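Each residue of the sequence shown is one higher than the last, beginning at 1385 in this note's numbering. Glycine residues also receive a C-beta, built at the ideal position from the N, C-alpha and C atoms. On a predicted model such as this, the values are computed, not experimentally measured, just so you know. Remarks on the structure that follows.
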Amino acid sequence: MDIDTPTTQPTTEPVIQSEPKPTIRKVNVAEERAWFLRRIKADPAHYDEESVIQRLNELQSNSMLGKPQLKVIVMAAMTAAKAMRRKQLIPQLEQCLQN
């Protein structure tokens, strides 16, 4: 084999872009539970119900999380929501438990 001759030719074929796969993040149950409790127990000026609901929907669609783990997170969130009287959040948490 001669050193002066190139052994590979650069490819000129177009690279086909595939659809990006949705990211499935690893879920730590204790961290998620703490995140929900912190957000639900926040004072009214910092309480963001929309972010709590969005995170709940992400957890439901996450295939890395089993039903028992989701139940632990939702039960802790529901207990905190009832204590803080977050009346709009409670039905959505209950619905998550039924599914």
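- A Cβ-Cβ distance of about 10 angstroms is found for the pair Ala1467 and Leu1421, leaving them out of contact under the 8 angstroms criterion.
- The C-beta of Arg1469 has fewer than 16 other C-beta atoms within 10 Å across all chains shown, which makes the residue exposed.
- From the listed residues Ala1464, Pro1428, Leu1454, the smallest Cα separation to Arg1439 is found for Leu1454.
- In this structure, the CA atom of Ala1465 is about 25 angstroms from the CA atom of Lys1410.
- Around the beta carbon of Glu1478, fewer than 16 other beta carbons sit within 10 angstroms, so the residue counts as exposed.
- Secondary structure at Lys1471: coil, using DSSP grouped into helix, strand and coil.
- Close CB contacts of Pro1452 within its chain, under the 8 angstroms cut and outside five residues either way in sequence, are absent.
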